[in-house]
Every structure is written in structure tokens, then in C-alpha cells.
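Residue numbers (this note's numbering): 24 to 314.
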Ligand SMILES: Cc1cc2nc3c(=O)[nH]c(=O)nc-3n(C[C@H](O)[C@H](O)[C@H](O)COP(=O)(O)OP(=O)(O)OC[C@H]3O[C@@H](n4cnc5c(N)ncnc54)[C@H](O)[C@@H]3O)c2cc1C
């Protein structure tokens with residue numbers, strides 16, 4: 024099933040993002056997480072891709088597992104920095120054999136330990152990968168990343184939207200955003216896209232906070248704003264209460280997004296089920312999402 028067909032049919036869609044675990048203990052946790060989230064009615068799930076293809080086998084294996092055990096559409100993240108066309112061609116074949124029709128086409132972050140001139144630059148930008156995937160003949164549905172608070176390397180808001188538009192003009196079917204906590208920033212981003220003539224679905228990236236130090240690091244890395252009131256609540260409450268504060272914030276954030284016509288909610292689960300499951304339960308109980 025192509026994700027764009029789901030997004031055209033249903034709003035808001037719900038999706039969960041996972042990453043390939045690094046050791047057997049963490050693999051067990053992810054198995055349990057997938058089992059626990061199975062009944063939550065997600066429309067699709069995605070699995071991240073390590074920079075430079077370091078996790079490509081594992082990413083594909085987890086996508087196949089999720090697809091088989093949950094019976095929902097699956098999407099492979101594919102980062103192209105340092106990747107060669109021949110490597111991407113190899114992945115196309117594997118995805119087709121596995122019946123996976125969806126790719127989130129990304130540039131990826133530049134590896135810190137390798138100078139740019141030491142990398143293959145067959146795909147300098149995500150738009151180059153989008154074009155390549157769309158011209159591959161593989162009939163893939165392609166998602167791209169968007170940044171409500173602009174990508175850290177973008178020169179301006181306008182530059183950021185122009186580059187996102189380039190990915191959509193190259194064939195991107197929909198956008199999934201970077202995590203954000205301030206809905207006004209998402210609404211302004213959506214307005215900027217609409218003013219530029221973009222009319223593809225824009226799925227909101229949601230991360231229920233489970234740890235104060237972790238969210239401070241994440242937001243610094245991706246330059247998302249952590250609202251003062253949320254920061255105060257998670258740093259001043261007892262550590263064991265951070266998850267319930269994070270769930271409360273994310274549930275209110277999602278309810279407001281749904282009220283304002285969001286196309287989809289994409290949960291960064293961090294491979295744990297408790298927070299995402301609680302947010303989903305709150306949204307269903309309040310009637311914001313169907314039970
Ligand atoms: C939903 C989502 C999922 C992600 N999943 C992963 C993952 O699985 N693995 C991973 O490693 N990372 C992942 N990332 C992080 C992502 O790889 C980084 O944010 C990366 O720095 C940029 O990727 P991009 O695809 O947005 O790049 P691009 O769209 O190529 O943009 C990167 C920067 O280059 C600029 N730019 C783009 N095109 C041009 C051009 N033609 N000329 C000049 N400048 C240009 C853009 O404005 C931007 O500042 C994800 C991010 C999101 C939002």
C-alpha cells in the first residue's frame with residue numbers, strides 16, 4: 024500500500040517511527056514495543072536508516088517484520104549522503120522483493136569523521152535522491168523531510184521552503200516534519216508552504232517527552248524550540264513524573280493539531296510504547312481520534 028493513498032483517504036493518519044536496535048536486548052524491547060502498539064490503529068510505520076547505510080540490512084529486516092506482524096504499510100528511510108547509485112539500485116531490488124512501496128528520501132547528516140571530499144557525492148541533496156527514486160521505474164511513493172523551524176543549514180525561511188519545494192517538484196509525494204512542540208510554528212510553516220503553491224499532505228512529527236535531558240539534547244541538535252512552560256514542567260517535576268507530563272503535553276498538542284486539520288501525526292516512538300500508547304489512548308478517549 025502506498026502511503027500517499029492512505030493520506031488522500033484519511034486525515035489525520037497515524038504513524039509510528041522506529042530505529043534499528045543496536046543489540047539483542049534492545050531488539051527484544053523493540054519486539055515488545057511493536058506488539059504493544061499493534062492495537063493502536065496506526066496506518067503506517069517507518070524505520071530509520073543509519074548515516075552512510077550503516078544499518079541498511081537491519082532497517083530492511085525490521086520493516087519486513089513490522090509489515091508482516093502488523094499488516095500495515097511500511098516505509099524505509101533512505102539517506103543518500105555518501106551513497107552511490109549502485110548501492111541505491113541494490114536497495115530498490117530488495118524493497119521490491121519485500122513488497123515495500125514507500126521510501127522517505129533524505130540527505131542524512133554529514134558524518135563528522137569524514138571530510139565531504141572523502142564522500143561519494145552522487146546525491147548531494149535529498150532532491151537528487153527523490154528524482155532518482157522517481158525515475159527508477161520502481162513505482163515508489165516518496166516522502167520528504169520538512170522543518171517547521173527551518174533546517175539548521177538553511178539560509179532563511181524562504182531558502183528552506185524553496186529547497187523543500189525542490190524535493191516536491193522532483194516528485195516527493197508528501198512531507199513529514201521534524202519534531203516540534205510549538206504548534207504555531209507548524210501552522211506558520213504550513214501557511215508558507217501553501218503560499219508557495221504546495222498542496223501535498225504535511226504530516227506532523229510528534230515526540231512525547233520521556234526524559235528532560237534527552238529532549239534538551241534532541242531539540243538542541245535539530246534546533247526545535249522547547250517551550251518555556253514545558254521545560255519548566257519537566258525539569259521541576261520528580262523524574263518519575265516526566266513521562267506523564269510529556270504525555271499530557273503531546274496529547275494536548277495533537278488534539279490542537281487535529282482541530283486545525285492536520286494531515287497526519289507521525290510519532291517518534293524512540294522504540295518504546297508507553298508514552299505513544301498513552302497519548303493515543305487520551306486522543307481516543309476525548310474523541311479527537313476514532314476509538
Ligand atoms: C521525518 C524525518 C526523518 C528522518 N530520518 C532520518 C534517518 O532515518 N536517518 C538519518 O540519518 N537522518 C534522518 N533525518 C535527519 C535528516 O537526515 C537531516 O535533517 C539532514 O540534515 C537533512 O536531510 P534532508 O533530507 O532534509 O536534506 P535536504 O533536503 O537535502 O536539505 C539539507 C540542507 O541542504 C539545503 N539544500 C537542499 N537542497 C539544496 C540545493 N540544491 N542547494 C543548496 N542547498 C540545498 C536545505 O535547505 C537544507 O538546509 C530525518 C529527519 C526528518 C525530519
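For every residue, glycine included, the Cβ atom is placed at its ideal position computed from N, Cα and C.
Cβ separation of residue i and residue j, assumed to be a contact under 8 Å, to the nearest whole Å
i           : j           : result
residue 127 : residue 199 : 7 Å
residue 204 : residue 129 : 22 Å between Cβ atoms; not a contact.
residue 93  : residue 61  : 5 Å
residue 247 : residue 202 : 6 Å
residue 143 : residue 105 : 5 Å
residue 300 : residue 63  : 6 Å
Proximity of residue i and residue j at Cβ, strictly below 8 Å
i           : j           : result
residue 67  : residue 101 : no
residue 225 : residue 213 : yes
residue 82  : residue 44  : no
residue 196 : residue 164 : yes
residue 149 : residue 190 : yes
residue 147 : residue 75  : no
residue 268 : residue 260 : yes
residue 288 : residue 280 : yes
residue 286 : residue 34  : yes
residue 231 : residue 302 : yes
residue 65  : residue 29  : no
residue 298 : residue 233 : yes
Backbone CA spacing between residue i and residue j [nearest angstrom]
i           : j           : result
residue 304 : residue 175 : 34 Å
residue 161 : residue 169 : 24 Å
residue 86  : residue 97  : 6 Å
residue 123 : residue 51  : 24 Å
residue 111 : residue 145 : 11 Å
residue 116 : residue 166 : 19 Å
residue 188 : residue 222 : 10 Å
residue 39  : residue 25  : 16 Å
residue 69  : residue 99  : 6 Å
residue 54  : residue 290 : 17 Å
residue 58  : residue 251 : 35 Å
residue 284 : residue 306 : 15 Å
residue 271 : residue 113 : 43 Å
residue 241 : residue 273 : 16 Å
residue 208 : residue 48  : 38 Å
residue 107 : residue 180 : 30 Å
residue 109 : residue 219 : 35 Å
residue 295 : residue 56  : 5 Å
residue 177 : residue 186 : 9 Å
residue 90  : residue 136 : 34 Å
residue 262 : residue 31  : 41 Å
residue 249 : residue 264 : 18 Å
residue 154 : residue 210 : 28 Å
residue 171 : residue 79  : 28 Å
residue 275 : residue 257 : 16 Å
residue 121 : residue 310 : 36 Å
residue 314 : residue 125 : 27 Å
residue 158 : residue 131 : 21 Å
residue 173 : residue 229 : 16 Å
residue 266 : residue 27  : 32 Å
residue 119 : residue 255 : 48 Å
residue 77  : residue 88  : 19 Å
Collapsed DSSP secondary structure at residue i in the structure displayed
i           : result
residue 99  : strand
residue 212 : helix
residue 40  : strand
residue 234 : coil
residue 82  : helix
residue 220 : coil
residue 87  : helix
residue 143 : coil
residue 158 : coil
residue 242 : helix
residue 54  : helix
residue 191 : helix
residue 260 : coil
residue 299 : helix
residue 287 : strand
residue 106 : coil
residue 206 : helix
residue 198 : strand
residue 278 : helix
residue 113 : helix
Taking any heavy atom of ligand 1 as the mark, which residues have a C-beta closer than 5 Å to it, listed down the chain? Residues with a Cβ closer than 5 Å to any heavy atom of ligand 1, in chain order: 71, 72, 74, 100, 102, 129, 130, 131, 132, 148, 149, 168, 174, 176, 177, 186, 199 and 201.
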